[in-house]
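Below is one structure, written out as structure tokens; the observations come after it.
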Amino acid sequence: MSSILKKHLFSQFDNSVSDTKPVVPSFLYSVNGDRILYTYIRKNACTAFKHLFREIYQPWQEPVYEPLIGELNKAIAVRPDDIKTGKVGYDVSLFVYRDPIDRAISAFKNKLIQQSGADDFIRTVETFYDKPFGEISFASFVTDYLAALTTDNWQAVDGHMYPQQWHLLPINYTHVIEMGLLYEGMLELLPWELADKVFGTPVNITREKPTHMADVDSSTPVSEIVSIYNDTGFMPKKADILTDELEAELRKIYREDYEMLENMKGGS
């Protein structure tokens, strides 16, 4: 592992004063004697880190096998109290971040249009609205469903949509990687062959049509977008569904994440 913090790849974030309990576990990977504490954040390349677990701890599994989160919990999860008391040590503390609005749009496309591993997600949406998910629009998804994250009803929202900051341990993170630089960053932290195998090809890519889709906007029902996707294999672009008003609303909903980004040190 490189002992030099690559400032063009990594940032640092001090979350040690936080008193918020993380909504997901963190995991301690051991690679060539180095201990990497990784905080799992949904929609932030977490599938790739499941594949990393497979390569390190389950090398007999087929390349297509994706470990369940329960397997990681049982094998390498760490308790926040053990980190706080120093019972568990680490050499690197790591999480992957992305732009909060891009993350929300990606989840909307991946879970409601592509419907990839989305049964639980769709169930929470339909329970929230008390109607089929195909009847809602992106505008409603933001102003009703995601807006609930700022209320006492936040637990009605699927965990994939929780703010990134809610996932973090109360520690000083030494290596914070923007998702678009994940491959380059992991090449610095892992042996080249392992990093290239796991992170060289992005997984769960949401494809976008390269031109404006004139018939789609923020009010278009999901069912109509699904029909277009099934016919063409492509998605609406960000500009097709994100209005200035919805962008402002998302910045309010994910205020904690934007504050986190502003307080990061280092990076590009």
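232 is the number of the first residue of the sequence shown in the working numbering; add one for each residue after it. From the three backbone atoms N, C-alpha and C, an ideal C-beta is built for every residue, glycine too. Since the structure is predicted, the reported quantities are computational estimates derived from the model, not experimental observations.
For M392 and V323, the rounded distance between their alpha carbons: 26 Å
Whole-number beta carbon distance between S242 and M495, since they are thought to touch under 8 Å: 4 Å
DSSP three-state assignment for R354, whether helix, strand or coil: helix
Cβ pair count under 8 Å reaching 3, the region 293-312 against the region 372-389: Taking 8 Å as the limit for Cβ pairs, the verdict is that the region 372-389 does not touch the region 293-312.
Backbone CA spacing between Y328 and S257 [nearest angstrom]: Rounded to the nearest angstrom, the two C-alpha atoms are 15 Å apart.
Simplified DSSP state of I367, which is helix, strand or coil: coil
Top-ranked residue by Cα proximity to I287, from L399, L425, E409 and P401: L425
Cα-Cα separation, V356 to G264: 43 Å
Check whether M466 and I344 have beta carbons under 8 Å apart: yes
Distance between beta carbons of L477 and S449, contact taken as under 8 Å: 6 Å
Identified DSSP bridge partners for Q243: K496
Q289 burial status per 10 Å Cβ neighbour count (16 or more: buried): exposed
Proximity test, Cβ basis, 8 Å: S261 and chain C: Annotation note: the requested chain C is absent from the structure, which comprises a single protein chain.
T474 Cβ short of 7 Å to the ligand NAD heavy atom set: Within the structure as shown, the ligand NAD is missing, as the structure has no ligands at all.
Inter-residue Cα distance where the pair is I267 and D446: 47 Å
C-beta contact flag for P452 and S347 at 8 Å: No, these two residues do not count as a Cβ contact at 8 Å.
Enclosing beta strand (DSSP E) for H406 [first to last residue]: N403 to E409
Where the beta strand (DSSP E) through L259 begins and ends: S257 to V262
Exposure label - R285; buried when at least 16 CB within 10 Å: Counting every other CB atom within 10 Å of its CB across the protein chains shown gives R285 a total of 16 or more, marking it as buried.
With 16 other Cβ atoms within 10 Å as the buried cut-off, status of Q386: Burial call: exposed.
Residues that DSSP places opposite R266 in a beta bridge: BP columns for R266 point to S261.
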